[in-house]
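A.B. asks: Chains as they are written, first to last, in the numbering used here: chain A, 74 to 332; chain B, 12 to 336.
Built from N, CA and C at the ideal position, the CB exists for glycine as well.
What you are looking at is a predicted structure, and each value in this text was computed from that prediction instead of being measured.
Got a structure for you, questions after.
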Amino acid sequence: MNAAGPSLSLDHVSMVFGGLKAVSDLCLDVHPGELVGLIGPNGAGKTTVFNLITGVYTPMSGTIRFGEQVINGCRPHDICGSGIARTFQNTRLFAGLTCLDNVKIAAHQRAHSTYWDGMWATPRSAADERAIDSRARALLETLSLSDVAETRAADLPYGRQRRLEIARALATDPKLLLLDEPAAGMNPQETEALMRLIEEVRLRHHLAVLLIEHDMKVVMTICQRIAVLDYGVKICEGDPDMVRRDPSTIRAYLGEDVA
Amino acid sequence: MARALKTLGILVALIAVNVLLPKLIPNSYFLRVIMLCGINVILAVSLNLVNGFTGQFSIGHAGFMAIGAYTAAVVTMKVLPGATLAMAAAGVPPIFAHGAALLVATLAGGSLAAVAGLAVGLPSLRLRGDYLAIVTLGFGEIIRVVILNVDAIGGARGLSGVPAYTNFFWVALWVVVVVGVSYNLLASTHGRAMLAIREDEIAAESLGVPTTRYKVLAFVVSAFFAGVAGALYAHYDSYLNPASFTFLRSIEIIAMIVLGGMGSVSGAIMAAVALTVLPEALRGVKEYRMVIYAMLLIVLMITRPSGIMGTRELKLPWFRKKVAA
Chain A
74 MNAAGPSLSL DHVSMVFGGL KAVSDLCLDV HPGELVGLIG PNGAGKTTVF NLITGVYTPM
134 SGTIRFGEQV INGCRPHDIC GSGIARTFQN TRLFAGLTCL DNVKIAAHQR AHSTYWDGMW
194 ATPRSAADER AIDSRARALL ETLSLSDVAE TRAADLPYGR QRRLEIARAL ATDPKLLLLD
254 EPAAGMNPQE TEALMRLIEE VRLRHHLAVL LIEHDMKVVM TICQRIAVLD YGVKICEGDP
314 DMVRRDPSTI RAYLGEDVA
Chain B
12 MARALKTLGI LVALIAVNVL LPKLIPNSYF LRVIMLCGIN VILAVSLNLV NGFTGQFSIG
72 HAGFMAIGAY TAAVVTMKVL PGATLAMAAA GVPPIFAHGA ALLVATLAGG SLAAVAGLAV
132 GLPSLRLRGD YLAIVTLGFG EIIRVVILNV DAIGGARGLS GVPAYTNFFW VALWVVVVVG
192 VSYNLLASTH GRAMLAIRED EIAAESLGVP TTRYKVLAFV VSAFFAGVAG ALYAHYDSYL
252 NPASFTFLRS IEIIAMIVLG GMGSVSGAIM AAVALTVLPE ALRGVKEYRM VIYAMLLIVL
312 MITRPSGIMG TRELKLPWFR KKVAA
């Protein structure tokens, strides 16, 4: 639980699209080994927060730190290299490639061989391939996807595609994992299995996890801390019990009258 | 050790075929078609690195070919004749002297094309899809127009008197190299990174693949081999004309990889051979030649929209051994 590692910290981060304040003045910390939930109604800016952390967008103001390193403005592949991996809300698998290749691609940064090695299939390239291959297969094993290693990702059922996305994110060897609605479209059994899986990989890989999820059962069960976003503003942050009773959260989800 | 032996084996086999081929096929027209097939295979397989593997749409391949062709021709005609003569005087058999000159010229042509690839790729590979296509189209035309207006290399008259050093051995050797490099890349983490860019650029980037770097690398390597094909072509026909490197030439190469199946090396090889042989085979029907050629293309694309091979590969044991090496 007390895994050593850098913590993520967003310091007064804002992002504006045209006239829309998608994220405004957000402060959020994720400590090593912690499982934090990020919830909020549709359009609250949750995915934008992920895109800011992973470098898809550069924040208009504020700083994002991962450990000592300021990461806003870095290219996504550099941020991935510093130990932040993500999954996507609408899965973004390499649909035409096999599951094994999907995971292998994510292990790319572990390779030591150069492009030149790859062109001429040098021994160094072969050594890399062996290492990447065994690591990718081990990860597929962990996520019980070994049987579909040679199947095209597009041919997997939806629930397993989501698992493959997690396998792929883990292959980058992250210290912080961002999961964007991993349970979306899953049936209750699959969701149950997913919750166990998230806990398991978090402990095994000593990960911090930041989780966007609409399934309140998932969020309330596994998150240690929850932040609530509404119209880009953090309206509440605390443990699940506190958030569940928080009037502003209830108002954001259900409207004025209920609160 | 095994690698060295294999390389030696391939070289010996190519030399043997080079010696035997004119005896087996005495018809020089057939030989010419075989050579053009080889050159087109190099062009198609090299373009496949960019359009097929990396999923970028480049339509300026003829420009890189032209750079390679003219550079190599200038090297053998203006820079190297002294060295070639000196070698002949020293008793080196002409086949070696000419081979050495051609190798130097080919490498020079390929290298300059690669530099051009880098110069075009760096600024433009941040663009996507149609925009990149327009930039590369413009580049190809610029090259052609520049050549057209430089009198020192013949301008619109063309450049004649390029020594005919290209023989089957050199074409086949470069075919083996470009095909081998393609298959090696496919089996390596770098090839997979290229495929990842084709499949989903945002996901690739977020999983740690430096996408711009890989696009530029693919572009440079592809341009190098296009330059090599140009150099071989220049020393085969002995005559270069800017009109051989128009936009239509680029389209022809694209037709090959689309027909073969974008991303499939074996598909590109098959389609390059088919699209070289077909117009020749149709010479019998005279004026209907290009009509039938075009109709065959349409029918093929309707019946097999993803090309002959799709993105799959023909997996011969020989290739598998190469990959394992």
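Give me the residue from A/L327, A/R235, A/K119, A/E214 with the minimum Cα distance to A/Y304.
C.D. replies: Ranking A/L327, A/R235, A/K119, A/E214 by Cα distance to A/Y304 puts A/K119 first.
A.B. asks: Go through its chain and collect everything with a Cβ distance to A/D98's Cβ below 8 Å, but skip five positions before and after it.
C.D. replies: Around A/D98: H85, V86, S87, G135, V306.
A.B. asks: My output table needs one value for B/A336: the three-state DSSP class, helix, strand or coil.
C.D. replies: Reliability of the predicted coordinates at B/A336 is poor, the pLDDT of 43 falling under 50, and the value obtained from them is presented with this limitation in mind. It is coil, neither helix nor strand.
A.B. asks: Closest to A/D174 by C-alpha separation, out of B/A229, B/A198, B/R139, would be which residue?
C.D. replies: Comparing Cα positions, the closest option is B/A198.
A.B. asks: DSSP state of A/Y130, grouped into three classes?
C.D. replies: Residue state, collapsed to three classes: coil.
A.B. asks: Using C-beta distances below 8 Å, list every residue in its chain close to A/G191, excluding the 5 sequence neighbours before and after it, in chain order.
C.D. replies: The residues are S198.
A.B. asks: Three or more beta-carbon pairs under 8 Å between the segment 228-245 of chain B and the segment 114-133 of chain B, yes or no?
C.D. replies: With a cut-off of 8 Å, the segment 114-133 of chain B and the segment 228-245 of chain B count as touching, because enough Cβ pairs lie within range.
A.B. asks: Quick check: what's the CA-CA separation for A/L93 versus A/A117?
C.D. replies: Near 11 Å, if we compare the C-alpha coordinates of A/A117 and A/L93.
A.B. asks: Count the other C-beta atoms from every protein chain shown that fall within 10 angstroms of the C-beta of A/A281, then say buried if there are 16 or more, exposed otherwise.
C.D. replies: So A/A281 ends up on the buried side.
A.B. asks: Can you check whether the C-beta of A/A204 is within less than 7 Å of a C-beta belonging to chain B?
C.D. replies: No, its Cβ sits nowhere closer than 7 Å to a Cβ of chain B.
A.B. asks: Give the DSSP-derived three-state secondary structure of B/L311 in the structure shown.
C.D. replies: It is helical.
A.B. asks: At which residues does the alpha helix (DSSP H) containing B/I262 begin and terminate?
C.D. replies: First-last of the alpha helix (DSSP H) with B/I262: 258-271.
A.B. asks: For A/L334, which of helix, strand or coil comes out of DSSP?
C.D. replies: The first residue shown for chain A is 74 and the last is 332, placing residue 334 of chain A beyond what the model contains.
A.B. asks: If you measure beta-carbon to beta-carbon, which residues of the segment 172-194 of chain B are closer than 7 Å to chain A?
C.D. replies: Those residues of the segment 172-194 of chain B that come within reach of chain A (Cβ to Cβ, closer than 7 Å) are V192.
A.B. asks: So B/R139 contacts chain A; which residues on that side make the cut at Cβ distance below 9 Å?
C.D. replies: Going along chain A, no residue has its Cβ under 9 Å from B/R139, so there is no contact; the nearest lies around 15 Å.
A.B. asks: Between the segment 115-146 of chain A and chain B, which residues of the former have a C-beta closer than 9 Å to a C-beta of the latter?
C.D. replies: Going along the segment 115-146 of chain A in chain order, one finds T127, G128, V129 with a Cβ nearer than 9 Å to chain B.
A.B. asks: Span of the alpha helix (DSSP H) holding A/V176?
C.D. replies: Unbroken alpha helix (DSSP H) run through A/V176: 172-179.
A.B. asks: For the alpha helix (DSSP H) that A/D190 lies in, which residues bound it at each end?
C.D. replies: A/D190 -> alpha helix (DSSP H) spans 188-193.
A.B. asks: Could one say the Cβ of A/G328 lies closer than 7 Å to chain B's Cβ atoms, at least one of them?
C.D. replies: So no, A/G328 is outside the interface.
A.B. asks: If we cut at 7 Å on Cβ distances, does B/V220 have a partner in chain A?
C.D. replies: By this cut-off, B/V220 is an interface position.
A.B. asks: For B/S135, count neighbouring C-beta atoms within 10 Å of its own C-beta (all shown protein chains included) and say buried if the count is 16 or more, exposed if not.
C.D. replies: It counts as buried.
A.B. asks: With burial defined as no fewer than 16 other Cβ atoms inside 10 Å of the residue's Cβ, what is the status of A/H185: buried or exposed?
C.D. replies: It is exposed - the Cβ of A/H185 has fewer than 16 other Cβ atoms within 10 Å.
A.B. asks: Classify B/G151 as buried or exposed, calling it buried when 16 or more other Cβ atoms lie within 10 Å of its own Cβ.
C.D. replies: By the 10 Å Cβ count, B/G151 comes out buried.
A.B. asks: So, under 8 Å CB-CB, A/L216 and A/R235 are touching, yes? Tell me the CB distance rounded to an integer number of Å.
C.D. replies: That pair is no contact at about 10 Å.
A.B. asks: Given that a residue counts as buried once 16 or more other Cβ atoms are within 10 Å of its Cβ, and exposed if not, what is B/G128?
C.D. replies: B/G128 is buried by the Cβ-count criterion.
A.B. asks: On the CB-based measure, 16 or more other CB atoms within 10 Å of its CB, does B/A24 come out buried or exposed?
C.D. replies: By the neighbour-count rule (16 or more Cβ atoms within 10 Å), B/A24 is not buried but exposed.
A.B. asks: Go to B/G149, then tell me how far its alpha helix (DSSP H) extends in each direction, as first and last residue.
C.D. replies: Its alpha helix (DSSP H) spans residues 140-160.
A.B. asks: Going along chain A in order, which residues have a C-beta closer than 8 Å to the C-beta of B/A214?
C.D. replies: The contacting residues are F161, R165, L166, F167.
A.B. asks: Check this for me: beta carbons of A/G154 and B/G219, under 7 Å apart or not?
C.D. replies: Yes, they are a contact pair.
A.B. asks: If A/E263 sits next to A/G232, beta carbons under 8 Å apart, how far is it from one beta carbon to the other, in whole angstroms?
C.D. replies: Yes, they are in contact, since the Cβ atoms of A/E263 and A/G232 sit about 4 Å apart, within 8 Å.
A.B. asks: So is A/Q262 in contact with chain B if we call contact Cβ pairs under 7 Å?
C.D. replies: It does not; no Cβ of chain B falls within 7 Å.
A.B. asks: Check the C-beta distance from A/L249 over to A/T127 and give it rounded, since I have them as a contact under 8 Å.
C.D. replies: Wrong, their Cβ atoms sit about 10 Å apart, outside the cutoff.
A.B. asks: With a threshold of 16 other CB atoms inside 10 Å of the CB of B/I36, please say whether the residue is buried or exposed.
C.D. replies: Per the 10 Å Cβ criterion, exposed.
A.B. asks: Who pairs with A/T136 in a beta bridge, going by DSSP?
C.D. replies: Answer by DSSP bridge pairing, in chain order: A/D84.
A.B. asks: Return the CA-CA distance between A/A325 and A/E310, expressed in angstroms with no decimal places.
C.D. replies: Whole-angstrom Cα-Cα distance: 14 Å.
A.B. asks: Between B/S199 and chain A, is there a C-beta pair that is closer than 7 Å?
C.D. replies: Yes, B/S199 counts as interfacial toward chain A.
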